[in-house]
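Per the working numbering, the sequence shown starts with residue 66, numbered consecutively. No residue lacks a Cβ here, since even glycine has one placed at the ideal position from N, Cα and C. All remarks here apply to the structure that follows.
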Amino acid sequence: MTAALTTTMREGGVAVVTFDLPGEAVNKLTRGVIDELRALMDRVDSDSSIRAVVLISGKPDLFIAGADIDGFLELRTAAEAEALSREGQEMMNRIERLRAPVVYAIHGACMGGGLEGALAAAYRIATDHPKTVLALPEVQLGLIPGAGGTQRLPRRVGLRQSLEMILQGRNVRAKKALQIGLIDELVHPSILLDVAVDRAAKLGEGKIPRERPRAVHGMGDVMLEDNALGRSVVFRKAREKTREATKGNYPAPLAAIDAIEQSYLGDRAKGFATEARLFGEMAVTDVSRQLIFLFFAGAALKKDTGVGEANVTPRPVEKIGILGAGFMGAGIAAIAARAGTVVRLKDAEHARVAKGLKEVSSILREELKRKRITRRQLEDQLALVGGTIDYSGFAGATIIVEAVFEDLKVKQTVLAEAEAAAAGAIFASNTSTIPIERIAVGAKHPERVLGMHFFSPVQKMPLLEVIRSKASDDESLATAVAYGKKLGKTVIVVRDSPGFYANRILAPYVNEAGLLLDEGVAIDAVDRALVEFGFPVGPITLIDEVGLDIAGKSSAVMLGAFGDRMVPAASLAKVIEAGRTGRKGGKGFYKYENGKKQGVDETVYPLISSNGQRMLIGARDIVERCVFAMLNEAARCLEEGIIASPRDGDVGAVYGIGFPPFRGGPFRYLDTLGIPTVIRALEVLDGRFSPRFRPAGILRDMAASGSRFYPDREKPR
Ligand code: NAD
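Quick look at the structure:
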């Protein structure tokens, strides 16, 4: 097997070690790499001609992505996971104690175990490049840093910065890393290696000391960090904030606080032991397993062509046309330009084109503000987008994305125009509710018509549903899937059917919330129960956000398609009738002031209930009714082949509509609860509210045969 680490000697006894994991896009700390590192360190310790070591990556724009988590789902006991953490800690300890000082020369992402190694090294240099980011993202997988990160980071950057980094798991850019003392030096990528070799030589000669004190950053450090009383305040606040943010659903951030606190209690060995023990405990929690599952499922989808075994090559997409420069059209144009595509944005009038272009520019400028791109890159991206009110510039476009009004006639008309203006192009509709087949009725080339259903706001939401109609061909689908990935989206392929997948499972859930209001349950009681369950916002807040008019239209479509199981709640209709549209109109179920949500609008109650009686029902019942309606619908989607697999259904629900990630998605959650248990609950509900809770056939069959959606502990592919 080819080695991942290659060593070349430089003048002054500096060994330059290049890390380039063969056959992988990223460098990660696999078992093989760890063995190589150990052998390398043995060599360094025994070869006195080596005075210092530089570690640099051979991958373009990536340093080290972190530990290899492939085996994590197979960890059975906390003790096993704790041992793994101990092993990681020992390796980092060796880097720290190595006879020859180690310099980390960082260009590109330096994550998890990569950064824990850097923290143990004698010196860290990073490039001032947008791709260079440093992070300890373990909490995002329900874990804590387990190779000394919780112990060494506070020593480098202080308490408050380390809490921020470890509890959020967010990326820190190189410039900020320098400011907070996470790295020692910032350089241009072209001189990274030379500077690293120079610093290594100086460290080897003792001209730069290996131990350097942390810089004190102002009064905050003195008052809050450098004395035990101040720190106890910081820890207490951190715990309070974390409890509030996680609602008790995510244990890892609290465990991380415990580990960090231990690092301040003086006994180094105890600190590392605490970290390892807590890592072990976290690694076998259900939360961590679900988050790791989602990580693997997302990774598997990145490799999925969307057309199974079909042997087609996606068409390269250099240029696209977009019809409709409204809210969605502008968002799609922005992410397309960000991906380097030439974009022609068409609307019916100049004023609307201008408005759309302005929106594109403001979305892209946000990236500059967040320092994710340079000014030069922004200018290049903006130059890619042109506007038009006819189809000029559409010839040669590979995909035409349609985002005009949600109106079948308008969509059919623009389809015919687009086929004439851009021969050979794939026509991708962003419709939320209209079947693709109906849009394609008059198409000359229905095989090139499909759906690309983006979620709003386009630049933020990670999911894209590519909708396959009966007529869509494999080449068009593969092209839409590949292009969606290029736009940075997680793509699932969904069969053409009302609501597609995400909105379809959302419909009975939101509707059940409305039916609870019909019965007299308080608006905030419904929302609160589902936020506690783990949704980012409650269903009533959600429809206020989406727009009550739009929610009303879509529930009519769902009723037409699925009949009595989707009979809409009366309360929604009544509130719409009263002229309320939600946040955009400043009046919905909640009150809004300058676009900001305030409390429940009490004047809504007389609109939705004739007797003004309020009904009290427990949060458990609210959750059961709304969530089980969604789970049952997700199962139907799988049964009907709307989605190809439970994996797609889980990722679609988490990324598309905010299903709680720590529950893994509807299918993982069904497995957790046990399908027979869910059936029993559905039957009781069906007895009360027939027929909308009638269990899906697939659930009955699975309960009868004792099967699950996922074989235990298997990594999704
Ligand atoms: P919008 O009203 O903001 O934009 C529609 C734009 O299309 C308008 O600027 C309009 O002038 C333009 N238009 C109308 N007829 C046209 C024509 N013949 N040629 C060119 N442009 C024309 O609407 P939106 O929210 O961007 O929605 C667009 C589509 O995306 C709809 O099908 C909608 O269902 C779908 N969608 C919306 C959301 C959402 O959250 N808003 C989410 C997913 C999908």
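Cβ-based neighbour list, residue i, same chain, cut-off 8 Å, excluding 5 preceding and 5 following
{"i": "A483", "result": "G386, L388, Y456, F459, I465, E467, A490 and F492"}
{"i": "E512", "result": "A536, S537, D538 and S541"}
{"i": "L319", "result": "R304, T307, R308 and T311"}
{"i": "A280", "result": "G246"}
{"i": "L595", "result": "A578, G603, P604, I687, V688, C691 and V692"}
{"i": "I744", "result": "P760, L764, R765 and A768"}
{"i": "G771", "result": "none"}
Under 7 Å between C-beta atoms of residue i and residue j
{"i": "G336", "j": "Q216", "result": "yes"}
{"i": "L251", "j": "L257", "result": "no"}
{"i": "I763", "j": "A684", "result": "no"}
{"i": "V622", "j": "I605", "result": "no"}
{"i": "Q477", "j": "A399", "result": "no"}
{"i": "L208", "j": "A174", "result": "no"}
{"i": "R733", "j": "D715", "result": "yes"}
{"i": "I707", "j": "S562", "result": "yes"}
{"i": "T71", "j": "P87", "result": "no"}
{"i": "K656", "j": "Q663", "result": "yes"}
{"i": "V352", "j": "F600", "result": "no"}
{"i": "R679", "j": "G617", "result": "no"}
{"i": "Y574", "j": "C702", "result": "no"}
{"i": "V530", "j": "H518", "result": "According to the sequence as given, residue 530 is Glu; it is not Val. Yes, Cβ-Cβ distance for E530 and H518 is below 7 Å."}
{"i": "G717", "j": "Y566", "result": "yes"}
{"i": "G461", "j": "K384", "result": "yes"}
{"i": "P379", "j": "T555", "result": "no"}
{"i": "G612", "j": "K649", "result": "yes"}
{"i": "G313", "j": "V558", "result": "no"}
{"i": "L571", "j": "L356", "result": "no"}
{"i": "K551", "j": "A448", "result": "no"}
Whole-angstrom C-beta distance between residue j and residue i, which should lie under 8 Å
{"i": "G721", "j": "L528", "result": "4 Å"}
{"i": "F84", "j": "L120", "result": "6 Å"}
{"i": "A321", "j": "I231", "result": "5 Å"}
{"i": "G647", "j": "I588", "result": "With a Cβ gap of about 13 Å, G647 and I588 do not count as contacting."}
{"i": "A634", "j": "N568", "result": "17 Å between Cβ atoms; not a contact."}
{"i": "A40", "j": "S150", "result": "This structure does not reach residue 40, given that the chain is present from 66 up to 782, and the question cannot be answered."}
{"i": "R162", "j": "D249", "result": "That pair is no contact at about 19 Å."}
{"i": "G345", "j": "A143", "result": "4 Å"}
{"i": "V450", "j": "V425", "result": "5 Å"}
{"i": "A261", "j": "D193", "result": "That pair is no contact at about 14 Å."}
{"i": "I787", "j": "L473", "result": "Outside the modelled stretch of the chain, which goes from 66 to 782, sits residue 787, for which no answer is possible."}
{"i": "V91", "j": "A130", "result": "4 Å"}
Sequence-distant residues of its chain with Cβ nearer than 7 Å to residue i (five each side left out)
{"i": "P202", "result": "M176, G177 and G234"}
{"i": "Q226", "result": "I245"}
{"i": "S636", "result": "G579, L582, D583 and I673"}
{"i": "P522", "result": "G396"}
{"i": "A186", "result": "I160, V167, V168 and Y169"}
Opening and closing residue of the alpha helix (DSSP H) in which residue i lies
{"i": "S122", "result": "It is not in any alpha helix (DSSP H) - S122 instead sits in the beta strand (DSSP E) that spans A117 to S122."}
{"i": "Y734", "result": "P731 to L738"}
{"i": "R701", "result": "A684 to E704"}
{"i": "M767", "result": "G762 to S770"}
{"i": "Y720", "result": "P711 to I722"}
{"i": "Y670", "result": "Y670 to I673"}
{"i": "T215", "result": "G214 to V222"}
{"i": "V640", "result": "A635 to E642"}
{"i": "E444", "result": "R440 to A448"}
Contact set for residue i: own chain, Cβ-Cβ below 6 Å, skip 5 residues either direction
{"i": "L422", "result": "G452"}
{"i": "F758", "result": "L747, L750 and D751"}
{"i": "D110", "result": "R164"}
{"i": "P711", "result": "F732 and F774"}
{"i": "I740", "result": "L764, M767 and A768"}
{"i": "N236", "result": "V198 and A200"}
{"i": "K196", "result": "D126 and G173"}
The beta strand (DSSP E) enclosing residue i, as first and last residue numbers
{"i": "Y566", "result": "Per DSSP, Y566 belongs to no beta strand (DSSP E) and is neither H nor E."}
{"i": "V109", "result": "That residue, V109, is in no beta strand (DSSP E); its alpha helix (DSSP H) goes R96 to S111."}
{"i": "R75", "result": "L70 to R75"}
{"i": "L656", "result": "At residue 656 the sequence reads Lys, which differs from the Leu that was named. K656 -> beta strand (DSSP E) spans Y655 to E658."}
Runs of alpha helix (DSSP H) wholly within the stretch 379-426 (minimum 4 residues, chain order): If we require 4 residues or more, the alpha helix (DSSP H) runs fully inside the stretch 379-426 come out as 392-403.
Run through the stretch 476-538 for me and flag every whole alpha helix (DSSP H) of 4 or more residues, listed as ranges in chain order. Uninterrupted alpha helix (DSSP H) stretches at least 4 residues long and entirely within the stretch 476-538 occur at 501-504, given in chain order.
Runs of beta strand (DSSP E) wholly within the stretch 128-170 (minimum 3 residues, chain order): Fully enclosed beta strand (DSSP E) runs of 3 or longer: not present.
Please go through the stretch 297-361 and give each complete alpha helix (DSSP H) segment of 4 or more residues, from N-terminal end onward. Runs found: 317-328 and 333-348.
What are the start and end residues of each continuous alpha helix (DSSP H) run of 4 or more residues lying completely inside the stretch 570-616, in chain order? As far as the stretch 570-616 is concerned, its whole alpha helix (DSSP H) runs of at least 4 residues are 588-598 and 604-611.
Kindly provide the ranges of any alpha helix (DSSP H) runs that are 4 or more residues long and lie completely inside the stretch 224-265, ordered along the chain. DSSP runs (the alpha helix (DSSP H)) wholly in the stretch 224-265: 224-233 and 239-245.
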